[in-house]
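Protein chains in written order, with UniProt numbering: chain D, 1 to 148; chain Z, 1 to 148. Think of the CB as a built atom: it goes at the ideal place given N, C-alpha and C, for glycine as much as any other residue. What follows is a set of notes on a single structure, which appears directly below.
2 protein chains.
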Amino acid sequence: MKPTDTTTYRALNTYTKLMRAAESVTSRVGRNMAAADLTISQFGVLEALLHKGPLCQRDIAAKILKSTGNITLVIDNLEKRGLVRRERINEDRRYLTIQLTDHGLELIHEVFARVEAAIVAEMKVLTHDEQETLGTLCKKLGLREGRG
Amino acid sequence: MKPTDTTTYRALNTYTKLMRAAESVTSRVGRNMAAADLTISQFGVLEALLHKGPLCQRDIAAKILKSTGNITLVIDNLEKRGLVRRERINEDRRYLTIQLTDHGLELIHEVFARVEAAIVAEMKVLTHDEQETLGTLCKKLGLREGRG
DNA sequence: GTCATATTGTTTAATATTAAACTATATGAT
DNA sequence: ATCATATAGTTTAATATTAAACAATATGAC
């Protein structure tokens, strides 16, 4: 093999493993969301509101990497279930502030705890040092322009 | 912070970075598929056929981690574009063998080369050793039961 | 003030995805 | 041979997602 070939081979291999790991972990962790009848996106929205407080839809879209059109629907569905509330802001009436309701807060609190536990369990196959290393390497890949 | 807290914190942090890296890289690499009017799933199917030869739909579904129902549609669309061909097997008439057409082979050959180059470019932010390390750590996370 | 431009959120149309019900075929026990 | 079970693929209904067009509101130049 020429050096280029081994370089390519290594890159493809690493890429594949990264993707598989992400899919695999997402799928297992996601079961805890599905158990509470939350999609990954719905969980993402509620989790953002839990940890950042009330947000407008645009900020939510940016946070969970989805289109604003999609967020409209996700919030619609959460609103129907009484988990969040929309509130028009008077200083700038284009904005809507999305807030957790009491029920929403209670639910995401509980589901987040389970998800958190699942993530900790997933990561337990790695030592602390390995986790730090993985985080550092992933961060290098994540940084860069472009959606995502 | 109690030890449990730092453990949890580290796990969540690592998880987030893993997810961001995967999304980010997928999104950038995926542009090369979109440029040829291929969805990620369509690319996945063609790529599997390119590197593994003819496959039945069930195997394709397993390979790209999608439902068999979805594969039916993906293959339908590829067939409409004349990129693959379905062929009933006579030894067991439940099976369909999916083959690349000449046109399909030509296309995936070209698109795969671009995707490959994109992946190599993505991975260039990591040294060879770092790639090996990332691969090893991801593999530990990926292994386990469960869809994915 | 008025108009051009930006921005927030909504709607629409197209596509993707899944789970579950279904059809057709094969296999194995009796 | 027959029947129960399993398997491959399809269909259907529900949901998710995006891009693009759109409505409402804000901002800034003049």
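What is the DSSP secondary structure of residue i, reduced to helix, strand or coil?
i                     : result
L46 (chain Z)         : helix
L55 (chain Z)         : strand
L65 (chain D)         : coil
R20 (chain Z)         : helix
E132 (chain D)        : helix
D37 (chain D)         : coil
residue 152 (chain Z) : Absent from the structure is residue 152 (chain Z), since the part of chain Z shown begins at 1 and ends at 148.
T127 (chain Z)        : coil
Y95 (chain D)         : coil
N77 (chain D)         : helix
G148 (chain Z)        : Confidence at G148 (chain Z) is low in this model, with a pLDDT of 43, below 50, so its placement is unreliable and no value can be given for it.
Pull the bridge partners of residue i from the DSSP assignment, please.
i             : result
V84 (chain Z) : Z:L100
Rounded C-beta distance between residue i and residue j? I'm assuming under 8 Å.
i              : j              : result
E87 (chain D)  : L96 (chain D)  : 7 Å
V120 (chain D) : A34 (chain Z)  : Rounded, the Cβ-Cβ distance is 36 Å, inconsistent with contact.
S41 (chain D)  : K66 (chain D)  : 6 Å
T8 (chain D)   : E116 (chain Z) : 6 Å
A113 (chain Z) : R28 (chain Z)  : Incorrect: roughly 16 Å between the Cβ atoms, too far for contact.
L46 (chain D)  : G104 (chain D) : 6 Å
T68 (chain D)  : Q57 (chain D)  : 6 Å
Are residue i and residue j closer than 8 Å when you measure CB to CB?
i              : j              : result
I64 (chain D)  : G44 (chain D)  : yes
L126 (chain Z) : L134 (chain Z) : yes
A48 (chain D)  : V111 (chain D) : no
V84 (chain D)  : I71 (chain D)  : no
L100 (chain Z) : I108 (chain Z) : yes
L141 (chain Z) : E132 (chain D) : no
>> Tell me whether the segment 10-29 of chain D and the segment 17-37 of chain Z touch, counting them as touching only if at least three CB pairs, one residue from each stretch, are closer than 8 Å.
In response: yes
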